[in-house]
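In what follows, a structure is listed as structure tokens, so that the remarks can point back to it.
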Amino acid sequence: MVLFDLFLRIGLDFKVAHCNFRLRGNQSDADAEFVSDSVEQNKIPYYTTHFDTVGYVNKYKVSVQLAARELRYAWFTEIMQQNNIQYLVTAHHADDNLETFLINLSRGTGIQGLTGIPEKTDTIARPLLAFSRMQIEEYAHTETIEWREDGSNNDTKYLRNRIRHKILPELKNLNPNFLHNFQKTQEYLNQSATIAEHHLFELRTSIFIEDNDILKVPVAPLLKLNPIQGYLYGLFGNYGFKEWNDVENLLTATSGKELRSATHRLIKDRDFLLVKEIEL
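Take 528 as the starting number for the sequence shown in the numbering used here and just add one per residue.
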């Protein structure tokens with residue numbers, strides 16, 4: 528509701544979208560009613576829907592959190608396309624970013640996984656990303672904005688919540704400026720990632736050959752790269768090939784050997800690697 532309040536104060540032309548995942552019984556319904564009352568009082572256009580989240584989990588064998596994310600973003604995209612809406616604006620904050628960093632770090636990731644949640648993409652803006660959860664709560668208290676907390680945020684069976692309630696307090700106890708220092712460090716990482724991506728773009732442009740629906744990559748220049756594994760991750764990771772040892776071994780494999788990701792095939796063909804999209 529802080530983001531809602533800020534938009535009202537600024538006088539922006541905006542709409543509100545709220546989805547009910549029906550995971551918390553009466554609490555979910557009460558949240559939906561609260562949002563509905565708020566937008567009606569302020570005469571703001573409003574979209575609402577509900578999902579059978581449990582049914583989605585059982586059908587696609589994914590976690591509850593992933594199911595909720597996929598459902599809401601698919602719905603947001605549909606609303607934006609149907610109503611010519613330019614941006615989806617979310618209320619992610621600095622603590623969310625730190626949690627995402629630690630989740631990715633715990634699972635193993637490259638530099639892109641450590642750069643966190645982007646402040647802006649072509650269709651999504653996150654104007655509160657620079658502010659901590661504490662700062663946002665203080666604003667809500669000062670401006671007497673009703674604060675509603677999703678009860679599931681306290682359930683530590685979810686990794687994000689375990690990090691939020693068990694790990695982050697300890698890190699902040701070690702250094703009260705931990706979040707601020709993390710933000711500076713992540714900015715350095717983002718700048719480093721931008722430099723690396725620019726270099727990789729130039730490298731792709733110079734050695735990747737487009738041949739209809741196939742990308743042909745000569746092996747010889749790849750073998751000269753150093754550190755070769757880091758380069759291979761950067762060049763082929765976007766196609767789902769993130770195990771750089773496997774890609775490196777493919778460079779010297781016999782013709783016909785291949786790797787498969789969820790979306791692409793990587794095939795050794797004499798002096799080339801071929802990248803082919805898997806037809807679904």
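For each residue, glycine too, the CB sits at the ideal point set by N, CA and C.
Starting from residue i, trace the beta strand (DSSP E) both ways and give me its first and last residue.
| i | result |
| --- | --- |
| residue 744 | 741-745 |
Can you tell which of the options has the C-alpha that lies nearest to the C-alpha of residue i?
| i | options | result |
| --- | --- | --- |
| residue 645 | 540, 637, 655 | 655 |
| residue 808 | 550, 610, 797, 660 | Nothing about residue 808 can be read from this structure; the chain reaches only from 528 to 807. |
| residue 539 | 749, 585, 602, 614 | 614 |
| residue 676 | 799, 638, 562 | 562 |
| residue 577 | 691, 558, 791 | 558 |
| residue 750 | 602, 722, 798 | 798 |
| residue 647 | 663, 618, 674 | 618 |
| residue 731 | 718, 710, 719, 761 | 761 |
| residue 663 | 531, 639, 800, 601 | 531 |
| residue 570 | 535, 685, 727, 702 | 535 |
| residue 625 | 694, 590, 787 | 694 |
| residue 650 | 660, 585, 611 | 611 |
| residue 566 | 792, 670, 545, 555 | 545 |
Mapping DSSP to helix, strand and coil, what is residue i?
| i | result |
| --- | --- |
| residue 768 | coil |
| residue 567 | helix |
| residue 805 | coil |
| residue 796 | strand |
| residue 657 | coil |
| residue 536 | helix |
| residue 780 | coil |
| residue 550 | coil |
| residue 544 | strand |
| residue 652 | strand |
Would you mind giving the Cβ-Cβ distance between residue i and residue j, rounded to the nearest angstrom? I have them listed as a contact below 8 Å.
| i | j | result |
| --- | --- | --- |
| residue 784 | residue 795 | 5 Å |
| residue 543 | residue 573 | 5 Å |
| residue 758 | residue 802 | That belief does not hold up - the Cβ atoms of residue 758 and residue 802 are roughly 15 Å apart, past 8 Å. |
| residue 775 | residue 756 | 6 Å |
| residue 630 | residue 687 | 6 Å |
| residue 575 | residue 548 | Contact flag wrong, Cβ pair sits at about 12 Å. |
| residue 727 | residue 638 | Rounded, the Cβ-Cβ distance is 11 Å, inconsistent with contact. |
| residue 643 | residue 628 | 5 Å |
| residue 786 | residue 773 | 6 Å |
| residue 746 | residue 706 | Wrong, their Cβ atoms sit about 45 Å apart, outside the cutoff. |
Would you kindly report the start and end of the unbroken alpha helix (DSSP H) that includes residue i?
| i | result |
| --- | --- |
| residue 763 | 755-763 |
Mind listing, in chain order, the continuous beta strand (DSSP E) runs of no fewer than 3 residues lying wholly within the stretch 571-649? Those beta strand (DSSP E) runs which fall completely within the stretch 571-649 and span 3+ residues are 573-577.
Can you give, in chain order, each stretch of the beta strand (DSSP E) that sits fully within the stretch 667-752 and has at least 3 residues? 736-738, 741-745
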